Amino acid sequence: MQLTGMIHGAKLLKLAGFPTSEVLGPEASEREIKELIERHGEVFIKPIFKGGVGKKGKSGLIGRAKDVKTALREKERLYFATHSFDGREMKANGVTFEGAVPAQHEVYFSITDSTRYRAPTMILSHCGGVDIEELSRDKIVEIPFDPLTGLKSFVVANALSDLGAPKEIISPLVQNLPKLWDLYHQNGMTVLELNPIRMSPVKPGVLTPVACDFKCSFDRDDPRAARLNLPKSLFTEDISDFEQEINQLRTYQGQSDVYVVNPKGTILALTFGGGANSLVTEALGDDAIISSDFGGNPPYEKMRDVARICFKHWLPQTNVLFVIGGKSNNTDIFVTFRAIADALRDYVATHGPQPISVVVGRGGVNLVRGLIAFKDVLEALHVPYRIFAHDSAMSGVVDYVHDVDRWMKAGGRAAVAANLGIASSDADDIAICSAAE
Amino acid sequence: MPNQAPKPNFENTFLIDSLDQIATSKDRVCVLNILGKESRGVTPISHTYSGGNIVFGTSPGRGGDVLSTESGNIPVYNNVREGLANGHSFNVGVVYLPPAAVRDGVFEFIRVNNELEKVIILTEKVPVHDAREIRAFALARGVQVFGANSLGVADSWNHIRLGGALGGDAPEETLRKGSVAIYANSGNFTTTIASYLKTAGWGTTTCISSGKDLYIFFSPAEFAHALDNDKRSKAAVLYIEPGGYYEQNLAFTKPVVACVVGRWKARLTRAVGHAGALSQGEDKAESKEKWFMQEFGVDAIFTPENPVCSKKGAVVTDIAHIPQALSAVMKLNDTRPDFPPEGNLTLKPWFGNNVGLKLPPELDMPIVKAIAPYDSQIAELSAHVGAILPRQSMKDCSSSSIMDPDTQVTRVSGVSVLDASGLPLEANLCLPLIRDINDANDNALFNVAIASGLNLHGDDIVAVTETVRKGGNAPNAVLAAACCVVGPARVASACTAADTLIDLFAFTPLAEGKAVDFATIKPTAEQRATLVSDKPDAKAEAMLKALKARKAKSDLVAYLVSLGSPTADAVTAAITTTIAWNALISKRITRVTVRTLPWYARLFSTILGASASADKHGETSFCDVEIKEIMESWSTTEMAYLALLGEKPTAEQLFPFQAMLGLIISNGPGTISAQGAKSAVSADGPEMPERVQINKAMAGFLVNTGFAHGGNGFEGIEFLIERFKDTTLKDAGNEKHGLDFKTIAGAFIENFKTEKAARKAVGSESANIPGINHPIFKNKPVNYDPREVYLADLFKKRGEYNVFHAFYRALVQELFAAGVTKNVFCVNIDAVIAALLLKLLWPRFRQGTLQDSDLRTAAFTAFLYGRMAGCAGEIDDHINRGRNMDTRTAASKCSFIS
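Chains S and V supply the protein sequences, listed in that same order. The numbering of the first sequence is my numbering, which starts it at 37 and goes up by one. The numbering of the second sequence is my numbering, which starts it at 29 and goes up by one.
Have a look at this one:
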């Protein structure tokens, strides 16, 4: 749950009483843009992306204009701009117009929770406005501080002294930066970054820190983030319908984490446990449709719903339904397997027989009852299957699944379909159709 | 990157000096939210495994309760302070609270207990905000926290497990004493790795599930320090995922195998699984592999093909390689395994089926006998017939029915009541119990079973019901009394016969749907005695004739006939067991259900039969129709119509009657009638299903209906009669009735407005108009109850007209036009029921052969006929899944009104 840019950033910073540049959204009229230019002499035009997107400036995605005509031309250029970042292709939807802020100094500031110190940590530099990674170490300080007392003025003052920062920026930063702790801590943030903060002579003789870009991340398990009433659509940039449906079931009782690895994959892996998730998804590679963790002892209803949604979205293209986990500590295998098996039976009852193979690997609480419950349903569905327990290596079971998938692709799927008395559809074709829809 | 050393209080803290201090026999434990779902399952196992180390638990509002364990009860207090005040002391706190309460729980532990040394947080999804405060507060007070999202810690030497569930429900099986410490980001893998190590002969010392949130309170560096000082541990295994710099610059003094998994996670933009397993820079899996490789002085990942390791350790990326890697490293250290290897990790499918397909050799793995003790469990369960269902609290829950809160349409056994309205009553009576829709043969069989119990001539039930009826009771009370007579003793013989048939046939070709040579069935003398008698049983013979007349097929009935003279109870049992056979064999329903089906059948017959007065039960007839005829050709729907209205329905009459009954079989487990049935089961204690009095539960359903719940149909009828009694209406099915709905509705509306104003003047609430409006389907300009719409369309397609239904539709428009309602109210399902029933009764009402009280009885009884199906399903569901007294409401949730 990441947020970048000043269109929402300015509103959040205002809550903390931190000065910001003046921002207009994509709906701004020519007159408003003209007046903004008159007030600030120049405007920056920036595309609006959902989620966390950086390095827009380096990619030539920040326009500047001193007249309305240029501003509108830049708006047209950037409104639907595309941007490659972190290996992802992003598309903009809208632009902001931000009044230029004259300044002699630019500052970098962020708060994150550092795993090195296991504490909230401020990173500060008086040489901001550039990527923090590009700065030499002597121009940055990284200061952990006590969350029970918060980011105090003396922490900022000490840090700026250590940096040797120009003295005219110290007092305004010492007065203003601590305000950001409350914004960070009380609203469920895990990252808050302002870069640059431009030290602007808003009043004669005094510099005022003005935030000119904004980035933050929210902890999706922290209900405090909801206090800000931010539109949910801001955080849906890469969430598929499937993920969104599963996310509805997100509670602390049982995991329901999913990520679509390859919408054209052929192995549907329902995975139990964070460890199993890491191991299995890595081993399955792009043959996996999803990466999932349904551990944490989900109750029957939730597990059945999760399985139902998985089958609804992916079973038609699935060659191998793979249910896998280690030796569970508390997850009840009987409850979870019965739920999956019932959801599978319901799916077949509604949609007819499915040409799949099933492979199961699991150990743990109520194991035999769970395995037999699953076996009984698979027998009734008349599909080929193998069920392994915790005395078989998980990675070996994953290799076996790969072999089954290869066989299914090489004619096995058609054979299973013929055995069920149904027409065979190639899983790849179905996946392509599904993706096209 | 930093140019400044971190402040000392942000470094690793080493509150634990040695791993043998992590879970000791001296530790005493308090568990927060001990009665929560997770804790309730695993805490008793931890307590017993650890020799009874939990001194008390907390559960606000449930102080005074206990958590029972094999090692005795653990007392429960409202809060920690209460427990301490009662003389308990502890040094370990275990937290099972919901995420939002975890921080406050930990703070409370620390605040009120100066002896606190360790806290273990099991909860997942603890907000980072709270974790950062917990870390700071615990550190300041010198308390070591484990987690969050930990599965606890365990010591295989001392047999101690603190918090969580390492080792699952049989910790002694996995946590074998040995010389290897485990530290894992995954709780599941902590146990799985311990289990894998046994295959190379390695046991464990201390096992730690660290959790993998952003904040890890017991870090690998702190583990390395404690490992160094632990004399028992000769080596360690670490399971590590990406995210965080916890593993950077680690230094070990003992051999270590590090398993780093999660390279692919670099592709993620948000965490999947463990919240902290998300790299945000140089903390990705590859970096961590390098950090460990540097520490161990190796240049490659260990694999069986390329076993790269040093005396210091090895890095693997597959947990299955851990045992081999550890053995290789330990060999370089001249250290032998702790015990001979146990088992191996090769692929051993316990179950499988090729379904006749020719699989490639590498896929066609033969099925392997499971290891002990699982092999004997499999043998035992394989011998079990029918489904095995887990028990849980069934308060307000049901696997039989559920109402969609948006559409108000209920599904019973997955079938919508809208679809059920198209099924005959005999199918709807079986649906909730068999969980499938009867085929024609099933219906033929079941009709005989119901018909055989319809006539109560000479039965005590008639005397009982007449007495109750004369007391002025409503039909539900009369029928409840009748059900009370049909107690367990009356059906014992039929239920036992069902048991015998299951025992005799469950493992024969009949289980696969094939014919059975009866000569191969060898009943014992005792079994035979449950099925046949020395003398011919007249009722049984009549039933067999009826089955023949209907051409109903049943292998079980044929088997009975092959034995000689079956009893009527055995024939009933053979009928119900035949209908349930496929569901039983495919384990969709339990053996308990099938064994008790004759009881349900008897109760259904009794309810239908007892709703007719004593004089309708002749020696050979029911409501003046020969029983023989009913047995041989009538459907249960027709029998119900006969019992209710005293005549055989025409096809035109039968369809709306059937539709009405199907519609009302259930409104979900939340209805008062279902709650009554469920509570009656709960009170008998379903954990011993054989002692549940199904007839009493049926009475529970009946006495939990009444004029407000079940009598709504009558209110609608009364309303309609008032509107139509002075009209010329003769045939309610004739569209050319010549009536002006506007005038009829207008007259009513004028009166209604006047009355409403008068009531308002004296501060009374306005009377509702029965059959219109619904709390869900409102607030639109024009509102519809989808169930009413469905039926209206259904009847329209059949070309059937109902003047009363049409009037209701006109009335809601007129109410809006007159400004009485703010929008066009819906016509609700009660109106449809009233309209359907009144249309059937109208001719006799017009003839003067039906009085008001008869109408009331008929409307109410019709409701009971339909609803008995759904409630039978709730009873059976609760017997199979519920816990004893699970419908109670906790005292803390009850309130006193003065």
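Cβ coordinates follow ideal geometry from the N, Cα and C atoms, glycine included. All of these numbers come straight from a predicted model, not from anything done at the bench.
Within chain V, partners of residue i - CB distance below 7 Å
i: S:N333; result: E66
i: S:D258; result: P155, V156 and H157
i: S:H221; result: H157
Neighbourhood of residue i by C-beta distance below 8 Å, restricted to the same chain and skipping five residues each side
i: S:K479; result: Outside the shown range of chain S, which is 37 to 473, sits residue 479 of chain S, and nothing can be said about it.
Neighbourhood of residue i by C-beta distance below 7 Å, restricted to the same chain and skipping five residues each side
i: S:A324; result: V297, N298, G301, I303, A305 and T317
i: V:S67; result: V59, N61 and Y124
i: V:T889; result: P503, S639 and L672
i: V:T917; result: none
i: V:V396; result: K376, P377 and W378
i: V:G325; result: S338 and K340
Buried or exposed (CB count within 10 angstroms, at least 16 for buried), residue i
i: V:K879; result: The residue you asked about is not Lys; residue 879 of chain V is Gln in the sequence shown. Exposed: under 16 other Cβ atoms inside 10 Å.
i: S:F35; result: Here chain S covers residues 37 to 473 and nothing more, so residue 35 of chain S does not appear.
i: S:R376; result: Inspection of the sequence shows that residue 376 of chain S is occupied by Ile rather than by Arg. Flag for S:I376 reads buried.
i: S:F116; result: exposed
i: S:R405; result: buried
i: V:A679; result: exposed
i: V:G500; result: exposed
i: V:F924; result: exposed
i: V:D597; result: buried
i: V:M29; result: Caution is warranted here: a pLDDT of 40 is assigned to V:M29, below 50, making its placement in the model unreliable, and no coordinate value can be reported.
i: S:L184; result: exposed
i: S:Q140; result: exposed
Among the options, nearest to residue i - alpha-carbon criterion
i: S:K86; options: S:G241, S:V131, S:N194 and S:V59; result: S:V131
i: V:L60; options: V:F324, V:G192, V:N372 and V:K788; result: V:G192
i: S:S161; options: S:R173, S:G224, S:V452 and S:D249; result: S:R173
i: S:S364; options: V:P814, V:D197, V:N334 and V:W662; result: V:D197
i: V:A553; options: V:L482, V:A534, V:T528 and V:K563; result: V:T528
i: V:E145; options: V:P127, V:F251, V:V171 and V:E152; result: V:V171
i: S:E58; options: S:G41, S:I84 and S:E134; result: S:E134
i: V:R419; options: V:L278, V:G69 and V:F42; result: V:G69
i: V:N912; options: V:A574, V:G271, V:M422 and V:V357; result: V:M422
i: V:A128; options: V:S792, V:I350 and V:T151; result: V:T151
i: S:W350; options: S:M444, S:H221, S:E279 and S:I179; result: S:E279
i: S:D198; options: S:K175, S:S236 and S:R100; result: S:K175
Partner residues on chain S for residue i, Cβ-Cβ distance less than 7 Å
i: V:K397; result: Under the 7 Å cutoff, chain S gives no residues; its nearest Cβ is about 11 Å from V:K397.
i: V:D197; result: V401
Beta-carbon proximity of residue i to residue j, cut-off 8 Å
i: V:G79; j: V:H253; result: no
i: S:V356; j: S:V440; result: yes
i: V:I210; j: V:C235; result: yes
i: S:P232; j: S:V177; result: no
i: V:L884; j: V:F742; result: For the sequence presented, residue 884 of chain V should be read as Arg rather than Leu. Their beta carbons are under 8 Å apart, which means V:R884 touches V:F742 by this criterion.
i: V:L482; j: V:L730; result: no
i: S:F250; j: S:A261; result: no
i: V:L691; j: V:I857; result: yes
i: V:I373; j: S:A52; result: The sequence as given places Leu at residue 373 of chain V; Ile does not occur at that position. Cβ atoms of V:L373 and S:A52: not closer than 8 Å.
Chain-ordered neighbours of residue i on chain S, where CB pairs are closer than 8 Å
i: V:W378; result: L407, I423, F424 and A425
i: V:L242; result: D149, T151 and T226
Cβ shell of residue i (< 6 Å), same chain only, five flanking positions each side left out
i: V:R837; result: V855
i: V:T618; result: G414, A415 and N908
Chain-ordered chain V contacts of residue i [CB-CB under 8 Å]
i: S:V443; result: Residue 443 of chain S is actually Trp in this sequence, not Val. Ordered by position in chain V, the residues that pass the 8 Å Cβ test against S:W443 are L387, P388 and L391.
i: S:P240; result: Chain V residues near S:P240: none, gap ~35 Å exceeds 8 Å.
Proximal residues of chain S, C-beta to C-beta of residue i below 9 Å
i: V:P418; result: Y336, D368, F370, V371, R374, N402 and R405
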